[in-house]
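Asker:
Structure (structure tokens):
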């Protein structure tokens, strides 16, 4: 595919560490950053409002495909560290459903079917961090979702408003049977950076079980980074310049949304 025919992708990434595989240098948060391959990246911070602002900014930069990239919390026991989760639709707790673009989704499945363990299903976007195993079980039952995040639906909504293709590339960190300690959540800012003052205040709440869990979560995150790194390398930073003939339909080249219901 020649550069003249390339459609630049806009990637909304919540956490700074999730963006490290896409660039060789530190990325500034809250501003669009152009990647070497021609795609654009915006490190938004966690939450729907930040993600919407990021998606709008990427459209203003000329991006004609929007992507939600990063990690999720698993709701289904079959979703494990290191797996690639390709959502087929994004659901919200209020009942909104945003199907992903079928052309891009199928291209990603073909591209990684022999190199990564792919899991399909619905992604649920919520307005809070899900910390308890019991709430994960409840959300899975009520929404038939495989995983949960806080940003994808906002990005999908912007894509729908502009009639642009949207898809998501995700990988799990906390598993369906793993809780997230409240002291850990309170010790991080919206971009995933450690707030040292908060960490010091909360350190006395750390139990031995928390320490074991934290090591497991760190190991899970390292595996998620490895998976995202594989995707970044194989797609040349999501520019898709080195993936061979781009055999998806014309919608992927023109930046118009293909029929997701087929």
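Residue numbers (full-length UniProt numbering): 1 to 262. Just so you know, even glycine gets a beta-carbon here, dropped at the ideal spot from N, CA and C. Note that the structure is a prediction, hence the values are computed from the model and not measured.
Assuming contact is defined by CB atoms lying nearer than 9 Å, are residue 44 and residue 13 in contact in what I supplied?
Answerer: yes
Asker: For the beta strand (DSSP E) containing residue 147, name the first residue and the last one.
Answerer: 147-149
Asker: Quick one: residues in its chain with C-beta nearer than 8 Å to the C-beta of residue 213, no 5 flanking neighbours on either side, listed in chain order?
Answerer: Within the same chain, residue 213 has close Cβ partners 178, 179, 181.
Asker: With a 10 Å radius around its C-beta and 16 neighbouring C-beta atoms as the bar for buried, classify residue 166 as buried or exposed.
Answerer: buried
Asker: Of the residues 117, 216, 42, which one's Cα is nearest the Cα of residue 70?
Answerer: 42
Asker: Residue 151 to residue 101, Cα distance in whole Å?
Answerer: Looking at the backbone, the Cα of residue 151 and that of residue 101 are separated by about 17 Å.
Asker: Looking at the secondary structure, which residues open and close the beta strand (DSSP E) in which residue 89 lies?
Answerer: Element bounds for residue 89: 84-92.
Asker: Under 9 Å, do residue 136 and residue 146 count as touching if we go by C-beta distance?
Answerer: no
Asker: Helix or strand or just coil, what does DSSP make of residue 9?
Answerer: Looking at residue 9 - three-state DSSP - the assignment turns out to be strand.
Asker: Under a three-way DSSP split, which group does residue 71 fall into?
Answerer: Of the three classes helix, strand and coil, the one that applies to residue 71 here is strand, per DSSP.
Asker: Going by DSSP in three states, residue 158 sits in which element: helix, strand or coil?
Answerer: helix
Asker: Rounding to the nearest angstrom, what Cα-Cα distance links residue 61 and residue 86 in this structure?
Answerer: 26 Å
Asker: Taking the straight line between their C-alpha atoms, what separation do you get for residue 84 and residue 228?
Answerer: 8 Å
Asker: Compare the C-alpha of residue 80 against each of 236, 192, 176, 126 and name the closest.
Answerer: Among 236, 192, 176, 126, the Cα nearest to that of residue 80 belongs to 176.
Asker: For residue 92 and residue 141, I'd like the C-alpha separation in whole angstroms.
Answerer: Between the alpha carbons of residue 92 and residue 141 lies a distance of about 14 Å.
Asker: Compare the C-alpha of residue 20 against each of 121, 216, 47, 192 and name the closest.
Answerer: 192
Asker: For residue 184, tell me which candidate among 33, 108, 215 has the shortest Cα-Cα distance.
Answerer: 215
Asker: Do residue 139 and residue 124 have their C-beta atoms within less than 9 Å of each other?
Answerer: yes
Asker: Can you name the residues that DSSP bridges to residue 40?
Answerer: 10, 34
Asker: Return the CA-CA distance between residue 170 and residue 72, expressed in angstroms with no decimal places.
Answerer: Computed Cα separation, rounded: 6 Å.
Asker: Give me the Cα-Cα distance between residue 29 and residue 237, rounded to the nearest whole angstrom.
Answerer: 18 Å
Asker: Might you give, ordered along the chain, the residues of its own chain that have their beta carbon closer than 7 Å to the beta carbon of residue 223, omitting 5 neighbours on each side?
Answerer: 81, 82
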